[in-house]
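Structure record follows, encoded as C-alpha cells.
Protein chains: 2
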Amino acid sequence: MTGQAGTARRPTRQRAAIARALSGSAEFRSAQEIHADLAGSGTRVGLATVYRNLQAMATDGEVDVIRSPDGESVYRSCSTDHHHHVVCRSCGLAVEVTGDAVERWAEAVAAAHGFTQVRHTMEMEGLCPACTSSRQRGTVVRRPTQAPRRVVDG
Amino acid sequence: MTGQAGTARRPTRQRAAIARALSGSAEFRSAQEIHADLAGSGTRVGLATVYRNLQAMATDGEVDVIRSPDGESVYRSCSTDHHHHVVCRSCGLAVEVTGDAVERWAEAVAAAHGFTQVRHTMEMEGLCPACTSSRQRGTVVRRPTQAPRRVVDG
DNA sequence: ATTCACGATGAGAATCGTTGTCAAATGTGG
DNA sequence: CCACATTTGACAACGATTCTCATCGTGAAT
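Taken in order, these protein sequences are the chains called A and B. Going left to right, the first sequence walks through residues 1 to 154 as my numbering numbers them. Going left to right, the second sequence walks through residues 155 to 308 as my numbering numbers them.
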C-alpha cells in the first residue's frame, strides 16, 4: 500500500521531475506517457516511482485524475485550464466545453455539505449531429475504430 | 475489436440474462460481479460474453458506464435513478447529491452542439468537514484504508 | 561534518481486469 | 428444413498497475 503518514513528504529529484513534466502540459497524461517523457528527456525515473508519486500527488490534491476510456489513469496538474468534454459514442468526435454554471453548482453543492478543496470532473457522451441523422435514416454507419477528432469550443 | 455492423443485434439467452441482471439493481456493477451473479443464480454465461454484451449495450446507449476508482468498468442500466457523489479524498466519506442544475446544463450544452441522447457522469472530490478541520489544526490523521461511509442527501 | 532512522527508489515479478482467438453452437432469412 | 453469419465459451494473451525487497537519499540529531 502507498505509505502515507502525517509527516511531510520528502522532496526528491524524481518527484520534482514528475511535477515538472506534469505542469508542462495542460492535457491529461498517463503515468506511462510521463514516464516515457522523462526517459526521453534523459531523466531516469522508475515506472513504479512515477505511479507512486502521481498517486500521492492526487491524494494531496495537487493533481486531478480521471480514467481515460481505455482504462488508464490520466493526470493533470490542478491549476491548468479547466473544461469538460462531450464525446460522440458512435464516432468519437470530442467537443470541449466550458461553463461557469457547473463550476458554480459543484462548488455550491460541495460547500453545502461542508466539503472544502473540491475538484470535479464531468463526462458527457451522446450522438453527434452527423451520427444522429445517420441513425434516423436507419443507415447506421457505426465506426468501430474510434478516431476522436477534437473540436474546441468557447 | 467488437464486430458490430448495421444489422440489428441478435437476441440470445445470455444477452437477456445480462440485461435482466443489470436492470435488477440501481447500482453500478462490474462485469465480474454480474458474471458472478449469473453464475450464482444458475445461469451459465461466459465471462467474455458478459464483457462483450455490456460493451455492446454501452455502445448502443442502453447502459451507463463509468470507471470505478479501482479501475474496473462498472455498468448500470440507463433509466435508473440518476445522481452524483462528493467523495472525501482523505477518509472516503461519500455523499450522494442530486441537482437539476447540472442535468439541465449538461443537456443544454450538449444540445447546443447538436448532440442527442446525451448522458453524463460527474465526480466531485474534496475534503469532508472532519478532515478539513483536522488539517487546519495541523493534525493530519489520514486514513490510508478507505472506509467509504455513504450518506444520502436529498 | 558525521551518523541514524526511515521514507523513497528501482527492477522485476506478480496481479487482475479485459480483450483476442478460434472452434462449436445457435438464431435468421430463404 | 438449410445454409450462413453471428454469438458463445474456454483459455491464452495483454497491459496497466501494484507489490516486493534490497539499496539509496534526505532530514534531523549529534
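Ideal Cβ placement from N, Cα and C applies to all residues, glycine included. Since this is a predicted model, take the numbers as computed values, not measurements.
- Here VAL95/A carries a strand assignment [DSSP, helix/strand/coil].
- Residues of the segment 272–284 of chain B with a Cβ closer than 9 Å to any Cβ of chain A, in chain order: VAL272, ARG273, HIS274, THR275, MET276, GLU277, MET278, GLU279, GLY280, LEU281, CYS282, PRO283 and ALA284.
- Out of CYS128/A, GLN14/A, ARG104/A and THR12/A, the CA that lies nearest to the CA of PHE269/B is found in CYS128/A.
- ALA264/B belongs to the set of residues whose beta carbon lies under 8 Å from a beta carbon in chain A.
- With a threshold of 8 Å between beta carbons, ALA106/A makes contact with chain B.
- ILE220/B has VAL228/B as its beta-bridge partners, per DSSP.
- The CB of ALA101/A comes closer than 9 Å to the CB of ALA255, VAL256, ARG258, TRP259, ALA262 and VAL263 in chain B, given here in chain order.
- In the structure shown, VAL241/B falls within a strand segment according to DSSP collapsed to helix, strand and coil.
- For PHE182/B, no CB of chain A lies under 8 Å from its own CB, so it is not counted at the interface with that chain.
- Taken atom to atom, the span from the alpha-carbon of VAL95/A to that of GLN55/A is near 28 Å.
- In the assembly as shown, SER90/A is a buried residue. Its beta-carbon has 16 or more other beta-carbons within 10 Å.
- Chain-order list of chain A residues neighbouring THR270/B: GLY126, LEU127 and THR132, by C-beta distance under 7 Å.
- In chain order, ARG67 and GLY71 make up the part of chain A whose C-beta sits under 7 Å from the C-beta of ARG221/B.
- Taking 8 Å as the CB threshold, VAL251/B lines the interface with chain A.
- For GLY40/A, the enclosing alpha helix (DSSP H) covers residues 31–40.
- For ARG13/A, same chain residues with a beta-carbon under 6 Å away, outside a window of 5 residues either side, do not exist.
- The beta carbon of VAL74/A sits no closer than 8 Å to any beta carbon of chain B.
- Within the same chain, and ignoring the five residues on either side of THR252/B in sequence, the residues whose Cβ sits closer than 6 Å to its Cβ are HIS237.
- The count of Cβ pairs closer than 8 Å, one atom from the segment 174–192 of chain B and one from the segment 215–234 of chain B, reaches three, so the stretches are in contact.
- In the structure shown, GLU279/B falls within a strand segment according to DSSP collapsed to helix, strand and coil.
- Collapsing the DSSP output to three states places VAL272/B in a strand.
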